[in-house]
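First the structure, in the form of structure tokens, and then the observations on it.
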Amino acid sequence: MLLYFLQAQKTITLDAYRWIPTFTMLLSSLREVVLDANLELVRRGLVLYTFGNVSGIDREHGLVVIKPSGVPYQEIKPDQLVVSDLDGQVVEGNLRPSSDLPTHLLLYKAFPAIGGVAHTHSEYATAWAQACQPIPCFGTTHADYFHGSIPVTGSMADHEIASDYELNTGHAIVRVFRNIDYAAIPAVLVAHHGPFCWGPDAAAAAHNAVILESVARMAYFTRGIHPDAQPVGRALHDKHYLRKHGTYAYYGQAKEVK
Ligand SMILES: [Zn+2]
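Structure below.
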């Protein structure tokens, strides 16, 4: 942290960091993970043009790596990702960070166990968000990943939109999770906007965004086939979620991370 303090005090230049192996190794590793997580959104068809963003955090140093704003995914190089502290001060990077950075930072502060955040405008999840409808758990695919319906935030007030919009988006999300375990339901629909997902790291956050889109799509079809379709019962929901997560999980191989 001394290095960051010195940089903040302008007693050390950013160029000097490049000659400090530990710093370079630390950030380069996180940058690779975050870049690949961003590209996963492209590979899975979740983003158009420059929509969406994934970040990852180094909790030890309180630094967040996030996609730069407005740069096409295919052109992003690891050193173009932006490093910010938790106050939103850019500590390394020549490009502006994603405009959603304040939302990501608030989620990192409010949800201390998460290591990555992913935001997309993927079509089916965004359709549910625009309809301001939570996504019910209609089946075991949903239950495998989310221990409950995917909640939707309240609509934001005009004054919340007029100033600090991205920060207030974060507050709207956190309010929803006052009585919901963010680790058990690592996704939310921001009303009239789209989904935010998170996970233990950036790759997990992107993975959850992909699964959420699939679940949202299936739920849409389920409602279309049968408008009065009911969510799965608690027993089936718990069975599928708890066999993959928690103390008594048994899904997958013994040494596999579940
Ligand atoms: Zn957005």
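Under the working numbering, the sequence shown has 61 at position 62, and the numbering climbs by one with no breaks. Glycine included, each C-beta is placed from N, C-alpha and C at the ideal position. Keep in mind it's a predicted model, so treat the numbers as computed, not measured.
Limits of the unbroken alpha helix (DSSP H) element including residue i
i	result
Ile56	Careful: Ile56 lies outside any alpha helix (DSSP H), inside the beta strand (DSSP E) at Asn52 to Asp57.
Pro101	Leu100 to Ala109
Gly198	Counting along the chain, Gly198 falls outside any alpha helix (DSSP H), though it belongs to the beta strand (DSSP E) covering Gly193 to Gly198.
Ala203	Ala201 to Ile224
His239	Arg233 to Lys243
Classification of residue i by the beta-carbon crowding that lies within 10 angstroms, buried from 16 upward
i	result
Met24	Confidence at Met24 is low in this model, with a pLDDT of 42, below 50, so the placement of that residue should be treated as unreliable; the coordinate-derived value is given next. Answer is exposed; the Cβ neighbour count stays below 16.
Pro111	exposed
Asn178	exposed
Ser162	exposed
Asn52	buried
Top-ranked residue by Cα proximity to residue i, from the options
i	options	result
Val81	Phe195, Arg30 and Pro226	Arg30
His225	Ala36, Gln79, Phe137 and Arg95	Phe137
Ser27	Thr152, Asp57, Asn52 and Arg177	Asp57
Ile172	Val70, His192 and Asp157	His192
Asp84	Pro67, Ser68 and Leu104	Leu104
Asp86	Pro101, Ile75, Asn37 and Thr125	Pro101
Ala182	Ser98, Ile149 and Arg233	Ile149
Tyr164	Pro194, Asp99 and Phe176	Asp99
Thr152	Ile160, Ala248, Thr168 and Ser68	Thr168
Val90	Val63, Asn37 and Ala248	Val63
Cβ distance (whole Å) where residue i is taken to contact residue j below 8 Å
i	j	result
Ala208	Thr119	5 Å
Pro123	Glu39	First, the amino acid is wrong: residue 123 is Tyr here, not Pro. With 8 Å as the limit, Tyr123 and Glu39 do not qualify as a contact, their Cβ atoms being about 17 Å apart.
Ile210	Tyr144	5 Å
Thr221	Ala228	5 Å
Ala201	Gly115	3 Å
Test: residue i CB closer than 8 Å to a CB of chain C
i	result
Gly69	The structure shown contains no chain C; it holds only a single protein chain.
Residue i: first and last residue of the uninterrupted beta strand (DSSP E) it sits in
i	result
Leu188	Ala186 to Val189
For this session: Enumerate, from N- to C-terminal direction, the unbroken beta strand (DSSP E) stretches of 3 or more residues contained entirely within the stretch 42-93.
Result: 52-57, 62-65, 81-84 and 89-91
Exercise. Which runs of the beta strand (DSSP E), 3 residues or longer, sit entirely within the stretch 103-177?
Worked result: 115-118
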